[in-house]
Amino acid sequence: MLHPENDPEYKGLNVNKGISRPPSVNPYLKIKSKKSYTVSEYLEGILKGNSTVLSRAVTLVESSNPIHRQTARELIEKCVSYSGKSVRVGITGVPGAGKSTSIDTLGMYIVGKNHRLAVLAIDPSSERSKGSILGDKTRMESLSVHPHVFIRPSPSAGSLGGVARKTREIIILCEAAGFDTVFVETVGVGQSETAVHSMVDFFLLIQLAGAGDELQGIKRGIMEMADGIVINKADGNNIERVKLAQQQFKNALHLFPPAESGWKPDVLTYSGYYNIGIPEIWDMIERYVAFTKKNGFFDYKRAEQAKYWMYETINEQLKLRFYSDPKVASELAIKEKQVVNSEITSFAAAKDILKIYYTGIK
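In terms of this note's numbering, the sequence shown opens at residue 1458 and continues consecutively.
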């Protein structure tokens, strides 16, 4: 089919030739490749407190590339002897409780007392796209520009892996870089709290009053893990509701058995937005650290956590090796169809696959 402009009827019509589509990338742009560091160079930069090198090292830890993982393992082993001197604080709470705002306000108070702070904020990943907004830095306006603060938002990758082993390794890197206080913010009340509780010294639970979640907040698992509870937004006409919620939480704490540390969790009220009651929160954390160091629980808990992560690493490696086995992978597809078609039970299928795996181990 002829185009109208090529029809003899339109002899006087002049159609200019179009231009080719320009490239999406500027051809004159010179992209500088990032310098690759050796383990020794990484270690030297981290010990000097170089935030750029520390960021590159954290990226290395988060990478799934086998070469990167090997370098990361070597680096972490070298950093371990320089770590362990910080106070690790886990911070959790229901979505909307004001965790990021509270961290920003509390963090500014801490660095004002000549501390260096690292904030590891775990950002929820989409179950569909696996993407994350990683917007915690935008909600920590003051901390994000402070020279003595390192903020690293990391995607949770839809699993506890995002807040477990890699976060513990990043804590070691931050401590080696000279950060004496580390905050680990969780995605919200859920299973991730157990993972974070196993890598911090003090576990802080942020709650709201007047939002209809007071009774929901009093859950045995989360409450027993908390070393301190703080109720946010104690300002304006919300003060009375906050005081009522404070009393409810105090009463609930009396129903639980004494903590292994011997510490009695306190319930405080504050306003992260208006910067009210912040010194009292940090004072509570310092009193806890002093109390547990005096009775020996601080070091005991650190030792138990190290042992816990040894077993977690073993479990993770066994699982990875199992699913990477080619015989297991091929048999899984077959057994899966048989289970779906009710030809075999789930338990029998699992037993058969495990048998194939164990017989293949040399």
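Just so it is clear, CB atoms sit at the ideal spot from N, CA and C, and this is done for glycine as well.
These figures come from a predicted structure and were not determined experimentally.
For Leu1504, the enclosing alpha helix (DSSP H) covers residues 1496–1504. Around the Cβ of Lys1707, a 10 Å sphere holds fewer than 16 other Cβ atoms; the residue is exposed. For Arg1573, no alpha helix (DSSP H) segment is defined, and its DSSP state is neither H nor E. Annotation for Trp1720: Asp1684, Tyr1745, Phe1748, Thr1749 place their beta carbon closer than 7 Å to its own, counting only its chain and skipping 5 residues before and after. Only residues of its own chain outside the window of five on either side were considered, and among them Thr1749 have a CB closer than 6 Å to the CB of Phe1755, listed in chain order. Relative to Gly1553, the option among Ser1521, Asn1689, Ile1742 whose CA is nearest is Asn1689. With 16 or more other Cβ atoms from the protein chains shown falling within 10 Å of its own Cβ, Asn1695 counts as buried. Taking a C-beta distance under 7 Å as the contact criterion, Leu1662 and Thr1770 do not qualify as a contact pair. The Cβ-Cβ distance between Val1515 and Arg1609 falls below 7 Å. Bridge pairing for Gln1664: Ile1688 [DSSP]. Counting only the Cα atoms, Met1767 lies some 25 Å from Ser1512. Residues Gly1555, Thr1558, Ser1559, Thr1562, Asn1689 of the same chain have their beta carbon placed closer than 6 Å to that of Gly1729, with the five preceding and five following residues left out of the count. Annotation: the continuous beta strand (DSSP E) that includes Phe1640 extends over 1638–1642. It is roughly 31 Å from the alpha-carbon of Asp1637 to the alpha-carbon of Asn1772. With respect to Ser1655, Gln1762 sits close: the two C-beta atoms are nearer than 7 Å. With respect to the C-alpha of Ser1540, the residue from Phe1713, Val1482, Ile1628, Gly1506 having the closest C-alpha is Ile1628. Ranked by Cα distance from Gly1547, the first of Ile1579, Gly1753, His1525, Tyr1566 is Ile1579.
Within the DSSP bridge table, the entry for Gly1555 names no partner.
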